[in-house]
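Q: Heads up, my numbering is the position in the sequence shown plus 17, with the first residue counted as 1. Every residue, glycine too, gets a C-beta built ideally from N, C-alpha and C. These numbers come from a predicted model, not from an experiment.
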Amino acid sequence: MTQETPYIFDATTADFDQSVIANSFHKPVLVDFWAEWCAPCKALMPMLQTIAESYQGELLLAKVNCDIEQDIVARFGIRSLPTVVLFKDGQPVDGFAGAQPESAVRAMLEPHVQMPPPAAADPFEQAQALFDDGRFADAEAVLTVLLGEDNTNAKALILYARCLTERGELDEAQTVLDAVKSDEHKAALAGAKAQIQFLGLAKHLPDAADLKARLAKDPQDDEAVYQLAIQQLARQQYEAALDALLKLFVRNRSYSEGLPHKTLLQVFELLGNDHPLVTTYRRKLFAALY
């Protein structure tokens, strides 16, 4: 039904233990149980192939023809078609029966398979893509090589500091940012410094559970609202923090000499002008101001 590639192939009774079980210790293997007479199977398989190809080898797709491979069907107790099972480290870890939309299949795969970063034109773009995907250690490795060639690259230094911040090296990250001499990336620099500040402040505040308990007793506790927002920012819960800061600003804009307003602006710098949350909350802040 589909053309085979190095990571899309037929699995048979003879090679299943090698092609699926053994391979799953290296890469997750998605097994599609199908049959020629099954119309939903024929609709599902091209979509599974598209998904597998999008992972660029990080996900293997094995196809089992259930009319032929009856031993495998019996081994795994397959009762209906199509059935799709994800194997990882030698064991089935997730799956579904029946036709599913592509979004649901990708949502099922997301916790188990690492999506490769998009092709990048240069090392910095590659590092940025890795960082945006949450692969901070990988981004840091790319940036280390890049900065080894040019340790004055301002945008690389700023992103490298963001990587250090993500793993809790706040002092080292601040030292790196202090080495940035260019004025070309002011917004990115201010955002990186804001991230360090939020994480540093959060270490000296009550934990989120205690602050939520205070607010349950007194929702007008401005200090608890602000401190919880800082804890949320430190944990990258940006929408919750922005919402709380905006409401605090509207209710008590003079709190701590206008601190909610100042903090909102810092978050805007941290996330960048193109972030959808910044667009939304900048508009809300403007409405509250005027």
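So who's on the other strand from residue 77, going by DSSP bridges?
A: According to DSSP, which records beta bridges pairwise, residue 77 is partnered with 46.
Q: Where are the alpha helix (DSSP H) runs, 4 residues long or more, that stay fully inside the region 73-119, in chain order?
A: Runs of the alpha helix (DSSP H) inside the region 73-119: 87-93.
Q: Going by the beta-carbon positions, is the gap between residue 78 and residue 47 smaller than 8 Å?
A: Result yes, Cβ atoms of residue 78 and residue 47 sit closer than 8 Å.
Q: DSSP puts residue 51 in a beta bridge; with which residues?
A: 82, per the DSSP bridge assignment.
Q: Put residue 27 into one of helix, strand or coil per three-state DSSP.
A: In the structure shown, residue 27 sits in a strand (DSSP, three-state: E or B).
Q: At least one CB of chain B closer than 8 Å to the CB of residue 76: is that the case?
A: The structure shown contains no chain B; it is built from a single protein chain.
Q: Suppose the cutoff is 7 Å on Cβ atoms and the five residues either side in sequence are ignored; what does the same chain contact list for residue 41 look like?
A: So the qualifying residues of the chain are 104, 105, 106, 107.
Q: In three-state terms, what does DSSP make of residue 22?
A: DSSP places residue 22 in strand when its eight states are reduced to three.
Q: Quick one: give me the first and last residue of the alpha helix (DSSP H) that residue 195 is part of.
A: Looking at the DSSP string, the run of the alpha helix (DSSP H) that includes residue 195 is 187-195.
Q: Taking 8 Å as the cut-off, does the region 78-92 touch the region 141-153 (at least 3 CB pairs, one atom from each stretch)?
A: Verdict: no, contact absent.
Q: In angstroms, rounded to a whole number, what distance separates the CA positions of residue 179 and residue 190?
A: Roughly 7 Å separates the two Cα atoms.
Q: From what residue to what residue does the alpha helix (DSSP H) around residue 216 run?
A: Here the alpha helix (DSSP H) through residue 216 covers 203-219.
Q: Let me check understanding here. Comparing Cα to Cα, which of 57, 287, 242, 298 lies closest to residue 206?
A: Here the closest residue by C-alpha is 287.
Q: Who are the Cβ neighbours of residue 241 in its own chain at under 6 Å, not counting the five residues just before and after it?
A: 228, 231, 232.
Q: Using 8 Å as the threshold, is the C-beta distance between residue 248 and residue 222 below it?
A: It is a contact, given that the beta carbons lie within the stated cut-off.
Q: Where does residue 224 sit, in a helix, a strand or coil, going by DSSP?
A: Three-state result, residue 224: coil.
Q: Does residue 63 pass the burial test, meaning 16 or more other C-beta atoms within 10 Å, or should it be called exposed?
A: Residue 63 should be labelled exposed.
Q: Pull up the distance between the alpha-carbon of residue 211 and that of residue 299, whole angstroms please.
A: About 17 Å.
Q: Return helix, strand or coil for residue 292, following the three-state DSSP convention.
A: Coil, per DSSP.
Q: Where does residue 303 land, buried or exposed, given buried means 16+ other C-beta within 10 angstroms?
A: When all chains shown are included, residue 303 counts as exposed.
Q: From residue 256 to residue 92, what does the alpha carbon distance come to, in whole angstroms?
A: The alpha-carbon atoms of residue 256 and residue 92 are separated by roughly 47 Å.
Q: Can the beta-carbon of residue 251 be found less than 8 Å from the beta-carbon of residue 285?
A: Going by C-beta atoms, residue 251 is not nearer than 8 Å to residue 285.
Q: Tell me which residues share the same chain as residue 28 and place their Cβ nearer than 6 Å to its Cβ, disregarding the 5 neighbours each side in the sequence.
A: Hits under 6 Å: 36, 37, 79, 81.
Q: Between which two residues does the alpha helix (DSSP H) carrying residue 159 extend?
A: 153-166 is the span of the alpha helix (DSSP H), which, as asked, contains residue 159.
Q: Can you tell me whether residue 18 is buried or exposed? The criterion is at least 16 other CB atoms within 10 Å of its CB, across all chains shown.
A: Caution applies to residue 18, whose pLDDT of 47 falls short of 50 and renders its modelled position unreliable; the value that the coordinates give is listed next. The residue in question, residue 18, is exposed, as its Cβ has fewer than 16 Cβ neighbours within 10 Å.
Q: Closer than 7 Å by C-beta to residue 193: which residues in its own chain qualify, once you throw out the five before and the five after it? Chain order, please.
A: So the list reads 174, 177, 178, 181, once near-sequence residues are dropped.
Q: By a C-beta neighbour count over all protein chains shown, 10 Å radius and 16 as the cutoff for buried, is residue 31 buried or exposed?
A: So residue 31 ends up on the exposed side.
Q: Please report the distance separating the alpha-carbon of residue 22 from that of residue 117.
A: Their backbone Cα atoms lie some 23 Å apart in a straight line.
Q: Please state the DSSP three-state secondary structure of residue 127.
A: Note: residue 127 maps to coil in three-state DSSP.
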